[in-house]
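*Asks:* So the mapping is simple: my numbering equals the position in the sequence shown, first residue as 1, plus 1014. Quick reminder that beta carbons are idealized off the backbone N, C-alpha and C, glycines included. The structure presented is a predicted model; accordingly, all values stated were derived computationally and were not measured. Okay, handing you the structure first.
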Amino acid sequence: MRIGGLQKLTLLDFPQKVACTVFLQGCNFRCPFCHNTPLLIGTQELAQDELFNFLKKRQGMLDGVAVTGGEPLINSDIASLLRKIKELGYAVKLDTNGSFPERLSALIDENLVDYVAMDIKNSREKYELTAGAKDILPAVEKSVRLLLDGKIPYEFRTTIVDELHEPEDFHDIGHWLSGAGAYFLQSFVDSGQILSDGMSPPSKDKIEKCLAIASQYISNTQIRGL
């Protein structure tokens, strides 16, 4: 497992927690709007010893650790990392694209995660295009069902890209996620390290139209970051 970086303090990434964010390298998706390209190609690395020395020093000051990527669950040994974090007394939030439902289920069953944030890339019809990957939808659908079962606090979220999303897509997403506890819409932001050219943020009007449609199906739908 390769750790790509560490954000030492965040008040935003882990709901109701003062946390740090650990970035793991590698991803099985190639979303054209990905803003973490260095994590896909592995241009930087942090030693595990350095991470855990930091976490030991911050015990009592931080409440949680947000583990993101890339896609954390691409690592078959993810459980060992999370187990060590939990042993230090931290709550764990996991960001995932949902393509490894069996690993996600195992982590939940072992109580190694306390909160899951799962990306919903687009409507099911446009999923492979938006994720830049083939034959992924059955696994993603399985992860959606797992979280909807309500064994663990979670949220779904969609990053809206002007070239990839239309308000009508959110009818399918809304049907799909109906009954979800929380769904967040966020605007694409060009970090300067985007995987593909030609991606741009949606207008405020488009985001509000997407919100209005999604809210018909998921009562707790919110815009994040505007």
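Among the residues of its own chain, which have a CB less than 8 Å from the CB of G1084, if the five just before and after it don't count?
*Replies:* Same-chain partners within the cutoff: G1018, F1037, L1038, Q1039, G1040, C1041, N1050, L1053, L1054.
*Asks:* For a minimum of 4 consecutive residues, which ranges assigned as the alpha helix (DSSP H) are wholly contained in the region 1063 to 1133?
*Replies:* Qualifying alpha helix (DSSP H) stretches, in chain order: 1092 to 1101, 1115 to 1123.
*Asks:* Please return the same chain residues whose Cβ sits closer than 7 Å to the Cβ of D1091, not counting the five positions on each side in sequence.
*Replies:* Answer for D1091: M1015, listed in chain order.
*Asks:* Am I right that K1140 and P1181 are in contact with their C-beta atoms under 8 Å? What's the rounded C-beta distance?
*Replies:* With 8 Å as the limit, K1140 and P1181 do not qualify as a contact, their Cβ atoms being about 13 Å apart.
*Asks:* Applying the criterion that 16 or more other CB atoms from any shown protein chain within 10 Å of the CB defines a buried residue, is N1136 buried or exposed?
*Replies:* N1136 is buried by the Cβ-count criterion.
*Asks:* According to DSSP, is L1038 helix, strand or coil?
*Replies:* Residue state, collapsed to three classes: strand.
*Asks:* Report the rounded CA-to-CA distance for Q1200 versus P1216, giving the unit in angstroms.
*Replies:* One C-alpha to the other measures close to 10 Å.
*Asks:* Go through its chain and collect everything with a Cβ distance to Q1230's Cβ below 7 Å, but skip five positions before and after it.
*Replies:* Here the set comprises G1188.
*Asks:* Decide if the region 1159 to 1174 is in contact with the region 1126 to 1133; the criterion is three or more beta carbon pairs, one per stretch, under 8 Å apart.
*Replies:* Short answer: they touch.
*Asks:* Please return the same chain residues whose Cβ sits closer than 6 Å to the Cβ of F1028, not counting the five positions on each side in sequence.
*Replies:* Around F1028: G1078, A1080, K1107.
*Asks:* CB-CB under 8 Å to L1160, same chain, minus the five flanking residues each way: which ones, in chain order?
*Replies:* Hits under 8 Å: P1115, L1118, S1119, I1122.
*Asks:* If you scan the region 1138 to 1189 from start to end, which runs of the alpha helix (DSSP H) of 4 or more residues do you find wholly inside it?
*Replies:* For the region 1138 to 1189, whole alpha helix (DSSP H) runs of length 4 or above, ordered along the chain, are 1141 to 1145, 1151 to 1162.
*Asks:* CB V1175 to CB F1202, shorter than 8 Å?
*Replies:* It is a contact, given that the beta carbons lie within the stated cut-off.
*Asks:* Span of the alpha helix (DSSP H) holding L1225?
*Replies:* Here the alpha helix (DSSP H) through L1225 covers 1218 to 1229.
*Asks:* Could you tell me how far apart the beta carbons of Y1104 and L1126 are, in whole angstroms, since I believe they sit closer than 8 Å?
*Replies:* Incorrect: roughly 11 Å between the Cβ atoms, too far for contact.
*Asks:* Assign N1234 to buried or exposed, taking buried as 16 or more other Cβ atoms, counted over all protein chains shown, within 10 Å of its Cβ.
*Replies:* Exposed.
*Asks:* Roughly how many whole angstroms lie between the Cα atoms of L1225 and S1214?
*Replies:* If I take the Cα positions, the gap works out to 18 Å.
*Asks:* To the nearest angstrom, how far is it from the Cα of Q1207 to the Cα of E1177?
*Replies:* Straight-line Cα distance between these residues: approximately 18 Å.
*Asks:* What are the partner residues of S1201, as DSSP defines its beta bridges?
*Replies:* I1174, per the DSSP bridge assignment.
*Asks:* Rank H1185, L1191, A1194, D1109 by C-alpha distance to the C-alpha of I1088 and give the top, closest one.
*Replies:* Taking only the C-alpha atoms, the option nearest I1088 is D1109.
*Asks:* Using only CA atoms, which one of E1059, S1094, E1101, N1111 lies nearest to L1069?
*Replies:* If we check each option's Cα against that of L1069, E1101 comes out closest.
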